[in-house]
Amino acid sequence: MRAKIERYKSCVRCIYDESVWSRWMVDGRPLQMVFHQCRTRVPYISLRTFWVQFKRRHDIASSKIASPLILRITAIFHEDYALESTIVHENLTQFGREQGIQIQVEFVLLQTFEILSFKAVKFLDGEKTAVLLSPEIFRRFGSDENASAFLLDVQSVSPIVVVFVDGEGWTEAAVESSFRCVVVNSLEFYVMMMESLDASVVGGGKEWVKRIEMMHLRPKILVAVEGCGRRISPWKDMFHGAGLKPVQLSRFAEFHAECLLAKSQVRGFHVAKREAELVLCWHERAMVATSAWRC
Numbered sequence: 682m683r684a685k686i687e688r689y690k691s692c693v694r695c696i697y698d699e700s701v702w703s704r705w706m707v708d709g710r711p712l713q714m715v716f717h718q719c720r721t722r723v724p725y726i727s728l729r730t731f732w733v734q735f736k737r738r739h740d741i742a743s744s745k746i747a748s749p750l751i752l753r754i755t756a757i758f759h760e761d762y763a764l765e766s767t768i769v770h771e772n773l774t775q776f777g778r779e780q781g782i783q784i785q786v787e788f789v790l791l792q793t794f795e796i797l798s799f800k801a802v803k804f805l806d807g808e809k810t811a812v813l814l815s816p817e818i819f820r821r822f823g824s825d826e827n828a829s830a831f832l833l834d835v836q837s838v839s840p841i842v843v844v845f846v847d848g849e850g851w852t853e854a855a856v857e858s859s860f861r862c863v864v865v866n867s868l869e870f871y872v873m874m875m876e877s878l879d880a881s882v883v884g885g886g887k888e889w890v891k892r893i894e895m896m897h898l899r900p901k902i903l904v905a906v907e908g909c910g911r912r913i914s915p916w917k918d919m920f921h922g923a924g925l926k927p928v929q930l931s932r933f934a935e936f937h938a939e940c941l942l943a944k945s946q947v948r949g950f951h952v953a954k955r956e957a958e959l960v961l962c963w964h965e966r967a968m969v970a971t972s973a974w975r976c
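Residues in the sequence shown are numbered consecutively from 682, following my numbering.
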């Protein structure tokens, strides 16, 4: 469950939204991501997923420019996770030093972002921006009108790509389902998530599974239950309504995802392609779907 970004020239910028399993380099070009850390997520960023591509691009860029590559990350987080944000900052800074890349991490309170939107985020001239979103950000707005206004704000920063990571496979069906069906679908989804975690345990990993369940899945389950009665249009409909167009992911992106998955050596996971999405599945059921969009 993770995220990443980058930018050419001498500076890379990323704004972190809580998400899970995201990592794309559309058309092989270096990107930078915008993430909005939503209330129920513990900030967690990892650059591992497309690090091979990132490092290759970094090596090429480093051979052409004298100044070191800078990766800028802005994490928008809830005040309840101040401690976790400090850990994220330390881990990313250390990771950057090990890779010879200067990583700059900034934080913006969620409450501030809700008032000022992207005016609360510092942008530099010449940066290329990518926006990473998840279903959770739309739940916070509570209505189609507010969600549409947010998408207009996203377009105002002129991102070269918008990446959507849907780690809640039950939400699309929830729009037209009864309250009971929504509860059952969400329950089945998170049971599947826990089963996949248990299958991934190696050696003394049970303590980590417990932490993930308590710190990541438990808050999401609570939010899912609380939001069962709410109705908001499917995110794809809102994207199309805002004029965003899906980007066809390359065969290389699919191959890269399969290679990363092969490293886990856990049976039951596989990668599938669904229209313009790459989907991580557990025994044929979708867990996380990633897609890229152009404004």
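Quick reminder that beta carbons are idealized off the backbone N, C-alpha and C, glycines included.
Please read these numbers as outputs of a predicted model, since none were measured by experiment.
N827 is classed as exposed because its beta carbon has fewer than 16 other beta carbons within 10 Å across all chains shown.
Nearest to L814 by alpha-carbon distance, out of E849, Q792, A905 and T793, is E849.
Judged by their CB atoms, V846 and A811 are not nearer to each other than the 9 Å cut-off. The alpha helix (DSSP H) runs lying completely inside the segment 756 to 786 and spanning 4 residues or more are 763 to 780, given in chain order. In the DSSP assignment, K917 falls within the unbroken alpha helix (DSSP H) covering W916 to G922. Going by DSSP, V843 is part of the beta strand (DSSP E) stretching over V842 to D847.
Between F788 and S766, the gap from beta carbon to beta carbon is short of 9 Å. Every unbroken stretch of the beta strand (DSSP E) spanning 3 or more residues and falling wholly within the segment 780 to 829 is given here in chain order: 783 to 790 and 811 to 814. The Cβ atoms of F804 and D834 lie no closer than 9 Å to each other.
With at least 16 other beta carbons inside 10 angstroms of its own, A934 counts as buried. Nearest Cα to L791 within the set I768, A967, H759 and E939: H759. When the five nearest sequence neighbours on each side are left out, the beta carbons in the same chain lying within less than 7 Å of the beta carbon of V882 are those of V890, in order along the chain.
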